[in-house]
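Residue numbers (this note's numbering): 1 to 251.
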Ligand code: HEM
């Protein structure tokens, strides 16, 4: 190899970089800080998925057909247990971190895309899901606000004891509320589908040997978990609501 080629190439590269007005330092700072944020997004995202799985399992008690007795016991346990209080703080930090890092990364990507790659726009466009992540994430945030003010705030901060089961029955007797959940859960599935795959890619866990297993977990996460949640408003509106109306009509 020609020994002179190395300094010349490096010099040329620096010259090119200077022409584009970006320094090596900028590139390293951008690269490492973005990777760091992506890793934190992936870890908080995976933690939120674990929460969602637990939350779904707990909420499946609504189907116990015991007029909410078991669900009430579960709800009382969540309200009174100090360990759960602590986990809720971690959960709030994880949600907050996930949102903040997501917005920072989105802003950075937007800036880079619009300034540096104008001529390669089509080629460099991320896939639809990745580009709409900020939108789907915003819808989920709105959903969370509505959801927490309906269920979490009354069960945790009311002076008088609130029946968690009654809250659920009341909320889903409103068809618009249930419909809003179905839309939000569809969007959640879309968000999870992209998020789960990119988390595994970021964390370097994509491996040929484990791909079928990871694909199965991904399917459970983005498809079955939202479907499980969606079954709740459907059940309460069509079956529970219908049954209680029939009973009331009978008296
Ligand atoms: C139809 C399905 C759902 C029902 C019936 C439901 C019900 C509830 C109830 C009753 C609470 C307050 C009591 C508790 O802490 O468990 C709660 C809290 C919460 N829910 Fe849901 N939920 C549903 C879906 C979701 C979804 C899809 C998400 C996230 C995207 C979510 C996120 C949360 C969070 C973050 C809390 C507060 C943390 C906690 O203490 O558990 N929920 N939910």
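Every residue gets a Cβ at the ideal spot worked out from N, C-alpha and C, and that includes glycine.
{"Item": "Counted within 10 angstroms of its Cβ, other Cβ atoms place residue 222 as buried (16 or more) or exposed", "Value": "buried"}
{"Item": "Residue 215, enclosing alpha helix (DSSP H) - first and last residue", "Value": "211 to 219"}
{"Item": "Three-state secondary structure (DSSP) of residue 162", "Value": "coil"}
{"Item": "Three-pair Cβ contact test at 8 Å for the segment 127 to 146 versus the segment 98 to 109", "Value": "yes"}
{"Item": "Nearest neighbour of residue 193, chosen from 218, 169, 201 [CA to CA]", "Value": "218"}
{"Item": "Residue 67 versus residue 204 - alpha carbon distance", "Value": "46 Å"}
{"Item": "Nearest neighbour of residue 175, chosen from 208, 234, 191, 153 [CA to CA]", "Value": "234"}
{"Item": "Check: residue 230 C-beta below 8 Å from any heavy atom of ligand 1", "Value": "yes"}
{"Item": "Contact belief for residue 228 with residue 78 at Cβ below 8 Å, rounded distance in angstroms", "Value": "That pair is no contact at about 18 Å."}
{"Item": "Touch test, the segment 69 to 83 against the segment 149 to 169, Cβ-Cβ under 8 Å, three pairs minimum", "Value": "yes"}
{"Item": "Residues near residue 202 by beta carbon distance below 7 Å, same chain, minus five either side", "Value": "38, 39, 42"}
{"Item": "Expected contact under 8 Å - CB spacing of residue 95 and residue 48 to nearest Å", "Value": "7 Å"}
{"Item": "Straight-line gap, residue 151 to residue 195 (C-alpha atoms, nearest Å)", "Value": "26 Å"}
{"Item": "Beta-carbon contacts of residue 231 that lie in its chain and below 7 Å, excluding the five residues immediately before and after", "Value": "none"}
{"Item": "Reduced DSSP category for residue 108 - H, G, I as helix; E, B as strand; rest coil", "Value": "helix"}
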